[in-house]
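The sequence shown begins at 1176 in this note's numbering and counts up by one.
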Amino acid sequence: MIPISRPLIGKEEKEAVLAVLESGQLAQGPRVQEFEQHFAAFCGVKHAIATSSGTTALVAALLSHGVGPGDEVITTPFTFIASANSILFTGAKPVFVDVDEESYNIDPNLIQERITESTKALLPVHLYGYPCDMDAITHIAAEHGLAVIEDACQAHGAAIRGRKVGSYGTGCFSFYPSKNMTTAEGGMITTDDDEIADHARLIRNHGQSQLYLHQTMGYNFRMTELQAALGLVQLQKLPEWTSKRIENASYLSQRLSNVGTPQVKEGYRHVFHQYTVRVGLHRDGSLERLNQAGIGARVYYPLPVHQQPFYRQLGYDESLPVAERMSQEVLSLPVYPALTRDELDKIVNEVSKL
Ligand SMILES: Cc1ncc(COP(=O)(O)O)c(C=O)c1O
């Protein structure tokens, strides 16, 4: 089976982790700080705050912006559940805006009509590694005085005209093993705003400003030195891996004609966390055939958030037709950097038979 994703762990990662184990400093320390500095430079922002996961990065980012009970946060229903759950976790209410059919990302033209007195923030998700229309989104946010929290959990290094995602608002990244780079579990918040950065650092560590002096409510959202050591090595390798993902995606797109391939707008850098194609309403059968032929295709995501049982219980009963249709029509194909030419050809061959 060609898996849908594969973490790439080499000798350098193993040596880096062993060195931490031998150092005796396992919890958050100098390596976490070094990883933060390198990641901030990579995104072109002033601050990066490492966390225990992408989910805790999102929660801490929302809390840093003062999002809480009574507030509404506008986001997409076509995403991993954590994007919306992180809003619920703060006590605020996720408000879903349908996606655009071509990008699968939140449709900026539909945001305005869902803004109310209670709206506090916009939380766009750069799904599959493709940037949302951040010009339009930041424009709407500025007009209405809203915070922008970018869920860039799938989009390390994605950019619009050279400007990286995570630098438009407060960025949140995940380093889960399936992501374009990994720290096993882990996350990162990115921001240019000194106050938000200070607040996020407090929230990450029990609200502690100095040892046993607590300024605010906080949590243990810290990253370990083991994770940071992994992350430092992986971040060095990321540019080469991203180029390979883009190359693999282009190889597939040039050869696939019977499915809708990913569209990349002029000036946009898609980092292909997922290579997602639109196969139509016979998707479930196609998925099964690909899996039987040894291609680890998967669906991200088969049920939009507003239709999840838990959200139904919360009273969400609206219809968001584009997200609902996309969740029935798309599937993702392996695109990770270690794919061989033979494996790519096998994917082309099997998909062409659908
Ligand atoms: C879009 C999106 N948001 C949030 C998350 C949550 O990240 P994590 O699994 O690191 O908590 C993920 C990844 O799983 C994701 O893909």
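Backbone N, C-alpha and C define an ideal beta-carbon position, used for all residues, glycine too. Note that this is a predicted model, so its numbers are computed, not measured.
Own chain partners of residue i with C-beta closer than 6 angstroms, once the 5 adjacent residues on each side are dropped
i: Pro1252; result: Phe1271, Pro1479, Val1480, His1481, Leu1495, Ala1498
i: Gly1332; result: Thr1417, Val1446
i: Gln1200; result: Glu1400
i: Glu1211; result: Ala1223, Ala1225
i: Gly1219; result: Lys1339, Ser1342
i: Glu1441; result: none
i: Gly1346; result: Glu1325, Ala1327, Thr1365
Residues bridged to residue i (per DSSP)
i: Gln1383; result: His1389
i: Asp1326; result: Val1300, Cys1347
i: Tyr1443; result: Ile1335
i: Thr1294; result: Glu1247
i: Gly1435; result: Arg1453
i: Gly1362; result: Thr1226, Ser1349
i: Val1505; result: Arg1453
i: Ile1281; result: Val1274
i: Ile1470; result: Ile1177
Under the three-state DSSP convention, the category residue i falls into
i: Phe1253; result: coil
i: Phe1271; result: strand
i: Tyr1486; result: helix
i: Asn1395; result: strand
i: Thr1313; result: helix
i: Arg1376; result: helix
i: Val1192; result: helix
i: Ile1184; result: coil
i: Val1510; result: coil
i: Ser1342; result: coil
i: Val1220; result: coil
i: Asn1355; result: coil
i: Lys1528; result: coil
i: Asp1520; result: helix
i: Ser1494; result: coil
i: Val1429; result: One point to set straight first is that residue 1429 is Gln, not Val, in the sequence displayed. Here Gln1429 sits in helix by DSSP.
i: Leu1149; result: This structure cannot settle anything about residue 1149, because the visible part of the chain is limited to 1176 through 1529.
i: Leu1478; result: coil
i: His1213; result: helix
i: Ile1421; result: helix
Close beta carbons around residue i, own chain, < 7 angstroms, minus the five adjacent residues each side
i: Pro1352; result: Pro1182, Ala1359
i: Ser1461; result: Val1454, Leu1506, Leu1529
i: Ser1384; result: Leu1377, Gln1390
i: Ile1312; result: Pro1283, Leu1297, Pro1299, Val1323
i: Gly1536; result: Because the chain in this structure spans residues 1176 to 1529, residue 1536 falls outside the shown range and cannot be described.
i: Arg1289; result: Ile1249, Val1270, Val1272
i: Val1207; result: Ala1225, Met1398, Glu1400, Ala1403
i: Tyr1450; result: Ala1424, Leu1427, Pro1437, Ser1507, Leu1508, Val1510
i: Gln1287; result: Ile1315
Cutoff 8 angstroms: residue i Cβ touching any chain C Cβ
i: Lys1295; result: The structure shown has no chain C; it contains just one protein chain.
Residue of the options minimising C-alpha distance to residue i
i: Ala1225; options: Pro1484, Gln1488, Phe1350; result: Phe1350
i: Pro1244; options: Lys1221, Gly1266, Gly1471; result: Gly1266
i: Asn1395; options: Val1408, Ile1378, Ile1335; result: Ile1378
i: Gly1402; options: Lys1221, Phe1217, Glu1187, Ser1227; result: The question names Gly, yet the displayed sequence has Gln at residue 1402. Ranking the options by Cα distance to Gln1402, first place goes to Ser1227.
i: Arg1516; options: Arg1500, Asp1246, Asn1423, Pro1437; result: Asn1423
i: Lys1268; options: Asn1466, Glu1292, His1319, Gln1390; result: Glu1292
i: Ile1421; options: Thr1345, Pro1512, Leu1519; result: Pro1512
i: Ile1470; options: Ser1502, Gln1503, Pro1509; result: Pro1509
i: Asn1524; options: Asp1308, Gln1429, Tyr1475, Leu1489; result: Gln1429
i: Thr1254; options: Leu1388, Gln1329, Gly1337, Phe1485; result: Gln1329
i: Lys1295; options: Gln1203, Glu1318, Met1392, Leu1193; result: Glu1318
i: Lys1189; options: Ala1334, Met1392, Val1408, Gln1287; result: Val1408
i: Arg1397; options: Val1195, Gly1204, Phe1217; result: Gly1204
i: Thr1437; options: Ile1286, Thr1357, Gly1304; result: Per the sequence presented here, residue 1437 reads as Pro, with Thr not at that position. Of the listed residues, the one whose Cα sits closest to Pro1437 is Gly1304.
i: Leu1285; options: Glu1209, Ile1315, Lys1412, Arg1336; result: Ile1315
i: Gln1503; options: Glu1197, Asp1459, Arg1473, Lys1521; result: Asp1459
i: Met1356; options: Ser1198, Ala1202, Phe1214; result: Phe1214
i: Asp1367; options: Lys1354, Gly1344, Leu1405, Leu1386; result: Gly1344
i: Ile1335; options: Gly1320, Ala1191, Met1309; result: Met1309
i: Gly1406; options: Val1452, Ser1198, His1448, Glu1209; result: Glu1209
i: Glu1370; options: Arg1487, Ser1239, Phe1217; result: Ser1239
Spatial neighbours of residue i in its chain, beta-carbon cut-off 8 angstroms, leaving aside the 5 residues before and after
i: Glu1493; result: Phe1271, His1481
i: Asp1282; result: Val1272, Asp1273, Val1274, Asp1275, Val1497
i: Thr1230; result: Ala1257, Asn1260, Ser1261, Ser1349, Gly1362
i: Glu1518; result: Ile1177, Pro1509
i: Gly1393; result: Leu1377, Ile1378, Arg1379, Asn1380, His1381, Gly1382, Gln1383
Cβ contact (3+ pairs, closer than 8 angstroms) linking the stretch 1228 to 1241 and the stretch 1367 to 1386
yes
Decide if the stretch 1430 to 1448 is in contact with the stretch 1314 to 1326; the criterion is three or more beta carbon pairs, one per stretch, under 8 angstroms apart.
no
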